[in-house]
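*Asks:* What follows is a single structure, and I will ask about it in a moment.
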Amino acid sequence: MGSLLERTRRVNRLIQNSPGRSVDLAELAAVVSEVSGGAVFIIAKNGKLLGHSLVRLSDDPDDLAEALETGYLPREANDSLLRVFDTVAGLPAVGTLEAFSDTSMGGSPSSTITMVPVYGGGERLATIVLVDDGPPRDEDDLVIAEQCATVVGMEILRSRSDRHDEEARKRNAVQMALETLSYSEQEAVEHIFDELSGDEGLLVASRIADRVGITRSVIVNALRKFESAGVIESRSLGMKGTYIRVLNDKLFDELERLRAR
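Quick look at the structure:
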């Protein structure tokens, strides 16, 4: 498997080769499995399987598919992981975490497991589980595992930050689009999206104009402003009307706030 330095460099290369993009946690699990041996599972706090690497397939591939198809660890097993607050190595899978003694999870009845909690931002984020049939893990193996736990924690926090930034960007785009509308255009927009079933549908502008008591041009102008802001896309279908699809899912939240004013 190489020296500790060589193995650490192998993990570092994965991180260094991911500039400007997220670290692939499935690839990270594969690297840990390669440099340390055994099966590796990276499991989020809610039990979601973020990445895994199996050293061998089950004798029955259907077992593997059944065990991993949901993408989540059984609740009882995940609860057991969350009760581990520091790295624990060499525990028997049978009697500790039965799920990892199954061959479809890369283990066997004689497997041992190592659990490495992942922390970041002052909270528990995930757990790395290593499943072995061979000799107990030594200190070098644990150094690699804890190095990877740091990487996983940073990646989860980065992903969370990216999601928050994207949510804020989308919300700001909708708010700016709404601010460009006149009062009558705002009224038109509320009725337009009441007509849609879900985030797309067919709109007949003249029908809305007659019912609400506004001109058709007001509706057309409002739609153009939203389309130029990237909030919706529209396509004329001639006499049938206009097909509209919402591109920014924050639109509905902001319309509710607009109505509540």
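Quick note on my numbering: the sequence shown kicks off at 1 and runs consecutively. Positions of the beta carbon are idealized from the N, C-alpha and C atoms, including for glycine.
#1: Would you tell me roughly how many angstroms separate the C-alpha atoms of residue 199 and residue 172, rounded to the nearest one?
#2: In whole angstroms, what separates the C-alpha of residue 81 from that of residue 74?
#3: Spatial neighbours of residue 244 within its chain, please: C-beta separation below 6 angstroms, excluding the five flanking residues on both sides.
#4: How about residue 149 and residue 118: do their beta carbons lie closer than 8 angstroms?
#5: In this structure, does DSSP put residue 132 in helix, strand or coil?
#6: What is the rounded straight-line gap between the Cα of residue 31 and the Cα of residue 251?
#7: What does residue 163 pair with, by DSSP beta-bridge criteria?
#8: At which residues does the beta strand (DSSP E) containing residue 53 begin and terminate?
#9: Three-state secondary structure (DSSP) at residue 150?
#10: Can you look up residue 238 in the DSSP assignment and give me helix, strand or coil?
#11: Sorted by chain position, which residues of the same chain lie with C-beta nearer than 7 angstroms to residue 165's C-beta, five sequence neighbours on each side aside?
#12: Count the other C-beta atoms from every protein chain shown that fall within 10 angstroms of the C-beta of residue 240, then say buried if there are 16 or more, exposed otherwise.
#13: State the DSSP-derived secondary structure class of residue 145, mapped to helix, strand or coil.
#14: Under 8 angstroms, do residue 123 and residue 87 count as touching if we go by C-beta distance?
#15: Taking 8 angstroms as the CB-CB cut-off, is residue 139 touching chain B?
#16: Check for me: the alpha helix (DSSP H) holding residue 8 runs from which residue to which?
#17: Please list, in chain order, all residues of the same chain as residue 53 whose beta carbon is under 6 angstroms from its beta carbon, the five residues on each side excluded.
#18: Using the DSSP secondary-structure output, state which residues sit across from residue 183 in a beta bridge.
#19: Can you check DSSP and say which residues form a bridge with residue 41?
#20: Given a cut-off of 8 angstroms on the beta-carbon distance, is the pair residue 125 and residue 45 in contact?
#21: Can you name, in chain order, every residue of its own chain whose Cβ lies under 6 angstroms from the Cβ of residue 141, other than the five neighbours on each side?
#22: What residue range is occupied by the uninterrupted beta strand (DSSP E) comprising residue 89?
#23: To the nearest whole angstrom, what separates the beta carbons of residue 127 and residue 116, a pair I think is in contact under 8 angstroms?
#24: Using three-state DSSP, classify residue 197 as helix, strand or coil.
#25: Identify, in the order they occur along the chain, each residue of the same chain with its Cβ nearer than 7 angstroms to the Cβ of residue 285, setting aside the five sequence neighbours on each side.
#26: If we ignore side chains and look at the alpha-carbon of each, how far apart do residue 229 and residue 246 end up?
*Replies:* By the coordinates alone:
#1: 19 angstroms
#2: 11 angstroms
#3: 203, 232 and 234
#4: yes
#5: strand
#6: 42 angstroms
#7: None; residue 163 has no bridge partner.
#8: 49-53
#9: helix
#10: helix
#11: none
#12: exposed
#13: helix
#14: no
#15: The question asks about chain B, but that chain is absent: this structure has only one protein chain.
#16: 4-16
#17: 29, 30, 33 and 40
#18: Paired residue(s): none; residue 183 is not in a bridge.
#19: 52 and 129
#20: yes
#21: 36
#22: 88-92
#23: 7 angstroms
#24: strand
#25: Coverage of the chain is limited to positions 1 through 261, which leaves residue 285 absent and any answer about it impossible.
#26: 12 angstroms
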